[in-house]
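Just so you know, the sequences run in chain order A and B. Numbering-wise, the working numbering puts 262 at position 253 of the first sequence, and it's gapless, one number per residue. Numbering-wise, the working numbering puts 245 at position 236 of the second sequence, and it's gapless, one number per residue. Positions of the beta carbon are idealized from the N, C-alpha and C atoms, including for glycine. Here the structure is a predicted model, which is why all the values come from computation and not from measurement.
2 protein chains.
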Amino acid sequence: MRLPRGFAASGVRAGIRKKRPDLGLIVAEDGATAAAVFTKNLFQAAPVVLSKAALKKTGGRVKAVVVNAGCANAVTGREGLEAAKRVRARAAEIVNCPQDEIFLASTGVIGVVLPDKKVTDFLPDAFARLSSGGVDALSHAILTTDVGPKIAQASFTLGGKRGRLVGVAKGAGMIHPNMATMLAFVMTDANVAPAALQRALKQAVDRSFNSISVDGDTSTNDTVLVMASGKLGNETKADLADFSRALESICRELAWMIVRDGEGATRVMELEVRGARTERDARLAAHAIATSPLVKTAIHGGDPNWGRILAAVGRSGARFSTKRVSLSAGPVTLVRDGQPTAYKEKDAAKVFARERVPIVVDLGGGNASALVLSCDLGHDYVSLNADYRS
Amino acid sequence: MRLPRGFAASGVRAGIRKKRPDLGLIVAEDGATAAAVFTKNLFQAAPVVLSKAALKKTGGRVKAVVVNAGCANAVTGREGLEAAKRVRARAAEIVNCPQDEIFLASTGVIGVVLPDKKVTDFLPDAFARLSSGGVDALSHAILTTDVGPKIAQASFTLGGKRGRLVGVAKGAGMIHPNMATMLAFVMTDANVAPAALQRALKQAVDRSFNSISVDGDTSTNDTVLVMASGKLGNETKADLADFSRALESICRELAWMIVRDGEGATRVMELEVRGARTERDARLAAHAIATSPLVKTAIHGGDPNWGRILAAVGRSGARFSTKRVSLSAGPVTLVRDGQPTAYKEKDAAKVFARERVPIVVDLGGGNASALVLSCDLGHDYVSLNADYRS
């Protein structure tokens with residue numbers, strides 16, 4: 010795949026991870042307008058702290074992105090900040106731009122200071138390999154326990170011109186409820202002002218990545234960055250509707266890929282809680298279901314054990330009348346008005362055996378709703394996480 | 010083990026579960042003063058609904074307890090209530106007491122109506138087998154995925170007389186955050202008025218079972234019942250301090266057994282969050298850590314991956330300054346004032362390899378604290394829960 014006009018990328022091995030590419034570089038040839046959303050975790054990794062401040066200082070300008078896997082550089086105090094600053098300084102020299110136009114991102118083990126010399130030693134190599142087709146190498150260099158790379162593209166019409174969006178992401182971890190770091194970088198040739206870009210991103214993230222991580226339930230490093238090179242040459246006053254739709258679509262596709270690639274995951278639960286009195290109630294209920302190990306293991310086993318779903322809703326803190334609750338899995342209604350229906354076990358089992366398991370819980374008390382994607386919990390998750398660091 | 014004076018118990022096979030005892034009976038020969046705490050889940054099982062109402066009507070009198078495993082009789086609507094009522098009516102006939110003095114409890118799969126005929130068919134058999142030593146049979150008849158029975162005893166001095174407490178419990182499930190049903194029945198020969206008994210129980214539960222399930226985070230059937238036969242013959246005005254201490258001790262011992270017997274558990278994390286500004290902050294942080302699959306799998310692997318612990322605290326919603334956080338595992342301080350210490354990996358690994366893993370997180374911002382017990386998450390948990398119903 011090729012990047013939108015104005016961007017080049019690369020991915021190399023810097024030796025932070027054993028025998029796997031672990032250093033990615035994105036350069037916007039003539040710079041780019043940028044907008045980002047970051048983790049709400051109180052522990053914010055050094056690269057998050059620096060990138061957030063830099064973006065504010067520049068008013069939304071990014072020239073290059075340096076991203077590494079293998080080390081999150083989080084909860085590393087002053088030392089971690091200094092290491093990240095050294096990377097930033099070296100990148101600014103190589104790319105030839107102000108330091109604040111360097112955007113940093115890291116993913117990997119928490120509590121270990123970034124081995125910045127490995128990064129700076131290999132930055133010239135990454136710079137030399139930059140190309141429009143380098144997005145594939147980039148997509149590999151940012152992975153941790155991900156099974157495979159995640160790339161998506163979309164096109165849009167803006168001010169009468171046809172533009173492109175290309176996004177890369179990494180996720181894994183079980184994402185939900187304990188996100189491993191989620192990183193996403195979206196590049197476009199559109200010409201969009203920073204404030205408008207931020208608004209479009211915020212909306213796209215709310216309807217995609219935030220439906221897998223749920224408010225604030227984020228790791229120390231989560232970052233979603235969108236960069237617009239402006240090479241499309243559209244008027245900045247052009248109607249952004251189609252661009253925003255395409256941005257949302259690409260974010261949803263990447264979010265789906267992240268959930269599907271949850272550690273050890275074999276199925277995705279597409280969960281909707283509707284009929285809630287307030288959005289908060291809907292989110293509480295959806296969160297309780299999506300994070301329940303009992304529900305996630307039942308999904309893993311393809312077992313339509315819906316009692317676990319309702320038990321999770323009942324303890325979630327959401328307010329509702331148990332006599333009005335209904336629950337369905339795909340076309341099969343399992344519970345209506347708080348009572349089990351005469352459904353056939355075989356029909357329910359069929360839905361739970363799918364790769365996508367659609368579950369709808371209707372609280373029967375209002376109009377608020379919440380959508381969440383979650384994956385199953387299987388043996389591979391335990392194997393991957395019981396000894397992740399060794 | 011023998012029950013305190015005034016009680017007899019039994020356990021038999023009624024055919025609800027395959028080839029395992031599943032029906033327990035406790036009878037207080039001359040009745041007992043009783044107090045109970047129930048699940049806060051909005052979905053309350055039929056036996057919970059009936060027992061709660063009955064206890065209120067009688068002002069705290071119980072003659073007999075009928076408990077079954079294999080079917081929770083929860084989310085079963087009117088049919089489930091009718092089934093439970095038929096069990097209650099038959100038990101009242103057999104034991105010869107008012108229906109409201111029959112206390113019901115069930116545990117097992119949610120969403121299936123209790124096969125009450127199996128219960129009523131075997132109640133006479135259970136009645137015939139009642140004995141003071143029947144507590145062992147009882148302790149087996151209430152189990153589901155528990156590895157083994159849970160019995161504890163304690164003694165106390167009340168009004169100058171030496172009395173006894175005997176408790177049986179069942180737990181399993183991962184308990185936390187999705188309790189499988191937790192049931193506990195405690196019997197004593199003490200003579201205690203219902204209101205005083207309820208106060209003592211409330212305090213004991215707050216310091217034991219509620220430290221494994223955390224506020225409201227309960228299944229549809231959770232029940233803790235204490236019954237006092239009064240056979241000790243003490244004055245009701247006697248000082249309850251030693252009795253309360255013994256009751257708390259027995260509840261703590263049963264709670265510990267429940268966590269240790271968490272499905273697939275090999276270790277218990279003894280977690281303390283201190284230095285919080287408010288108790289709510291302490292509980293939020295403790296809850297986030299104790300329920301984190303990433304933390305629980307790390308504990309399973311004996312891996313001192315403390316970054317996952319702090320990441321959980323950071324997203325918990327608790328308010329604190331990241332620069333003041335300290336974390337230790339047993340005698341090893343891993344993080345001080347938000348920065349990793351120069352601890353030896355070997356020393357940390359030793360603590361995480363214990364059967365009891367003591368973790369202290371100090372938020373450095375106040376005097377509130379919270380204690381929680383949690384177990385690790387391993388392959389056996391997945392195996393047990395991916396196909397629990399078959």
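Item to complete: Spatial neighbours of residue 301 of chain A within its chain, please: CB distance less than 7 Å, with the 5 preceding and 5 following residues excluded, ordered by chain position.
Response: 317 and 321
Worksheet item: Can you list the residues of chain B that residue 5 of chain A reaches, using a CB-CB cut of under 9 Å?
Response: Absent from the structure is residue 5 of chain A, since the part of chain A shown begins at 10 and ends at 399.
Worksheet item: Can you round the beta-carbon distance between residue 54 of chain B and residue 15 of chain B to whole angstroms, since I take them to be within the 8 Å contact cut?
Response: The Cβ separation is near 28 Å, so there is no contact.
Item to complete: Can you grab the Cα-Cα spacing for the pair residue 230 of chain A / residue 123 of chain A, in whole Å?
Response: For the pair residue 230 of chain A and residue 123 of chain A, the Cα-to-Cα distance works out to about 13 Å.
Discussion item. So for residue 10 of chain B, helix, strand or coil by DSSP?
Written reply: coil
Practice prompt. Out of A:113, A:153 and A:37, state which residue places its alpha-carbon closest to the alpha-carbon of residue 29 of chain A.
Written response: A:153
Fill in: Coil, strand or helix - residue 108 of chain A by DSSP
helix
Worksheet item: Among the residues of its own chain, which have a CB less than 6 Å from the CB of residue 127 of chain A, if the five just before and after it don't count?
Response: 23, 24 and 25
Worksheet item: Who are the neighbours of residue 229 of chain B on chain A, taking C-beta pairs under 7 Å?
Response: 320 and 323
Worksheet item: Nearest chain A C-beta to residue 119 of chain B closer than 8 Å, yes or no?
Response: yes
Fill in: For residue 220 of chain B and residue 176 of chain B, the rounded distance between their alpha carbons
Each residue's CA atom was taken as its position, placing residue 176 of chain B and residue 220 of chain B some 18 Å apart.
Fill in: Own chain, CB closer than 8 Å to residue 17 of chain A, minus 5 neighbours either side, in chain order
If the five residues before and after residue 17 of chain A are omitted, its C-beta is found closer than 8 Å to the C-beta atoms of 35, 36, 38, 139, 140, 141 and 143, all from its own chain and listed in chain order.
Item to complete: From the DSSP output, in three-state form, read off residue 191 of chain B for me.
Response: coil
Item to complete: Drop a sphere of 10 angstroms on the beta-carbon of residue 110 of chain B, count the other beta-carbons inside from all chains shown, and report buried for 16 or more, exposed for fewer.
Response: So residue 110 of chain B counts as buried.
Worksheet item: residue 105 of chain A to residue 98 of chain A, Cα distance in whole Å?
Response: 10 Å
Item to complete: Quick one: residues in its chain with C-beta nearer than 7 Å to the C-beta of residue 134 of chain A, no 5 flanking neighbours on either side, listed in chain order?
Response: 21
Fill in: Within 8 Å, strictly: CB atoms of residue 174 of chain A and residue 241 of chain A
no
Practice prompt. Compile a chain-ordered list of the residues in the region 351-382 of chain B whose CB is closer than 7 Å to at least one CB of chain A.
Written response: none
Worksheet item: Can you find a heavy atom of the ligand COA that lies under 7 Å from the Cβ of residue 41 of chain B?
Response: This structure does not include the ligand COA; it has no bound ligands of any sort.
Fill in: Segment limits, beta strand (DSSP E) that includes residue 367 of chain A
365-371
Item to complete: Can you have a look at residue 10 of chain B and say buried or exposed, based on whether 16 or more other CB atoms are within 10 angstroms of its CB?
Response: exposed
Worksheet item: Counting only runs that start and end within the region 204-263 of chain A, where is the beta strand (DSSP E) found for 3 or more residues in a row?
Response: 232-237
Worksheet item: Between the region 234-248 of chain B and the region 189-202 of chain B, do three or more beta carbon pairs fall short of 8 Å?
Response: For the pair of segments examined, the region 234-248 of chain B was found to touch the region 189-202 of chain B: the number of CB pairs separated by less than 8 Å reaches three.
Worksheet item: For residue 125 of chain A and chain B, any beta-carbon pair shorter than 8 Å?
Response: no
Worksheet item: For residue 82 of chain B, does the three-state DSSP call read helix, strand or coil?
Response: coil
Discussion item. Going by DSSP in three states, residue 70 of chain B sits in which element: helix, strand or coil?
Written reply: Residue 70 of chain B: strand per DSSP, three-state reduction.
Worksheet entry | When A:269, A:205 and A:232 are compared against residue 157 of chain A, the one with the closest alpha-carbon | A:269
Item to complete: Would you give the residue range spanned by the beta strand (DSSP E) that residue 290 of chain A belongs to?
Response: Here residue 290 of chain A belongs to no beta strand (DSSP E); instead the alpha helix (DSSP H) covers 288-299.
Worksheet item: Cβ atoms of residue 323 of chain A and residue 333 of chain A: under 8 Å apart, would you say?
Response: no
Worksheet item: For residue 386 of chain A, which residues in chain B fall below 8 Å Cβ to Cβ?
Response: 302 and 391
Practice prompt. Apply the 10 Å Cβ neighbour rule to residue 381 of chain B and answer buried if 16 or more other Cβ atoms are within range, or exposed otherwise.
Written response: Within 10 angstroms of the beta-carbon of residue 381 of chain B lie 16 or more other beta-carbons, which makes it buried.
Fill in: Which listed residue (A:113, A:81 and A:94) has its alpha carbon closest to that of residue 64 of chain A
A:113
Item to complete: Going by CA-CA distance only, name the one from A:363, A:365, A:392 and A:314 that's closest to residue 344 of chain A.
Response: A:314
Worksheet item: Who does residue 349 of chain B pair with in a DSSP beta bridge?
Response: B:344
Fill in: Assigned secondary structure, residue 151 of chain B (DSSP; H/G/I helix, E/B strand, else coil)
coil
Discussion item. Closer than 7 Å between beta carbons: that is the criterion. Which residues of the region 269-284 of chain B meet it against chain A?
Written reply: If the cut-off is 7 Å between Cβ atoms, the region 269-284 of chain B has nothing near chain A.
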